[in-house]
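For reference, the structure discussed in these notes is given below.
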Amino acid sequence: LAKTTQPISMDSYEGQEVNITCSHNNIATNDYITWYQQFPSQGPRFIIQGYKTKVTNEVASLFIPADRKSSTLSLPRVSLSDTAVYYCLPWGTGRRALTFGSGTRLQVQP
Amino acid sequence: EPEVTQTPSHQVTQMGQEVILRCVPISNHLYFYWYRQILGQKVEFLVSFYNNEISEKSEIFDDQFSVERPDGSNFTLKIRSTKLEDSAMYFCASSETSGGANEQFFGPGTRLTVL
């Protein structure tokens, strides 16, 4: 299982773009990169998933370089409600368990 | 939007007692999961369930734990004899398929307090 490394915490201000980078040097060929968000006392929530290059949805963008050894979650124009813990997880076909690390605690200030 | 529901939201029990945590997964999902999160710690995988049997379990999921899908909608986690260290948030999740380009939908959790 690929080990992931993310910053423990990040601070930002409302309206700014936030980029959270995750390194996963030994990610398996079949693994996707998945990002989840968790608010205090709530269950994790899926944000975005990708395999290579760039994926964008209504919430975020995910950038994955060709070597797939890292990925960057981009949150455009964050608001106070984006204050949460963000987890990067590799997840592959046939494996059911999600393995959560410590995540990145994002604090958005007014 | 369909969602996973869990009951109760908070359960307080005495050490040694049995508890059953209940979950209603999203109706067309086929895979079901239980995770737990001790206060201030990581979310930990406990067990996955598919086609009426356990498909994967972690070291945490020992003989004190069991899961069941008693009918077409509910998915339960039973802890036979609770310990103080079982105090945690327990999250149920479900997904349409396993792995690949898919996502797990988590419920709001049950906070279990063992006294």
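Residue numbers (our numbering), protein chains in the order written: chain A, 1360 to 1469; chain B, 124 to 238.
C-beta atoms are modelled at their ideal positions from N, C-alpha and C, and glycine is treated no differently.
Of the listed residues the options, nearest to residue i (C-alpha basis)
| i | options | result |
| --- | --- | --- |
| residue 184/B | 236/B, 168/B, 151/B, 148/B | 168/B |
| residue 151/B | 216/B, 210/B, 186/B, 199/B | 216/B |
| residue 144/B | 188/B, 138/B, 162/B, 163/B | 188/B |
| residue 174/B | 138/B, 218/B, 161/B, 163/B | 218/B |
| residue 147/B | 195/B, 176/B, 177/B | 195/B |
| residue 235/B | 209/B, 226/B, 220/B | 209/B |
| residue 1375/A | 1421/A, 1415/A, 1438/A, 1387/A | 1438/A |
| residue 1435/A | 1371/A, 1366/A, 1389/A, 1424/A | 1371/A |
| residue 1404/A | 237/B, 228/B, 233/B | 228/B |
| residue 1384/A | 1442/A, 1467/A, 1425/A | 1425/A |
| residue 1449/A | 1378/A, 1380/A, 1367/A, 1389/A | 1389/A |
| residue 1464/A | 1393/A, 1380/A, 1362/A | 1380/A |
| residue 172/B | 180/B, 166/B, 165/B | 180/B |
| residue 164/B | 1362/A, 1420/A, 1444/A | 1444/A |
| residue 1387/A | 1461/A, 1416/A, 1460/A, 1363/A | 1363/A |
| residue 154/B | 1366/A, 1420/A, 1461/A, 1457/A | 1457/A |
| residue 199/B | 162/B, 182/B, 131/B, 226/B | 131/B |
| residue 149/B | 182/B, 160/B, 162/B, 129/B | 129/B |
| residue 1432/A | 1460/A, 1414/A, 1467/A | 1414/A |
| residue 1461/A | 1447/A, 1451/A, 1418/A | 1447/A |
Sheet register partners of residue i (DSSP bridge)
| i | result |
| --- | --- |
| residue 1409/A | 1392/A |
| residue 130/B | 145/B |
| residue 1489/A | Here chain A covers residues 1360 to 1469 and nothing more, so residue 1489/A does not appear. |
| residue 1422/A | 1413/A, 1431/A |
| residue 1397/A | 1444/A |
| residue 1449/A | 1392/A |
| residue 136/B | 237/B |
Neighbour-count burial assignment, residue i, 16 or more Cβ in a 10 Å radius
| i | result |
| --- | --- |
| residue 212/B | buried |
| residue 1397/A | buried |
| residue 237/B | buried |
| residue 230/B | buried |
| residue 139/B | exposed |
| residue 1455/A | buried |
| residue 204/B | exposed |
| residue 161/B | exposed |
Assigned secondary structure, residue i (DSSP; H/G/I helix, E/B strand, else coil)
| i | result |
| --- | --- |
| residue 1440/A | helix |
| residue 238/B | coil |
| residue 1404/A | strand |
| residue 1464/A | strand |
| residue 239/B | No statement about residue 239/B is possible, as the shown extent of chain B runs from 124 to 238 and does not include it. |
| residue 1369/A | strand |
| residue 1458/A | coil |
| residue 1470/A | With chain A covering 1360 to 1469 only, the question about residue 1470/A has no answer from this structure. |
Segments of 3+ residues assigned as beta strand (DSSP E) that fall wholly inside the region 140-228 of chain B
142-147, 154-160, 166-173, 176-180, 188-191, 198-202, 211-218
Can you pull out the residues from the region 158-171 of chain B whose beta carbon lies closer than 7 Å to at least one beta carbon of chain E?
Included in the structure are the protein chains A and B, with no chain E among them.
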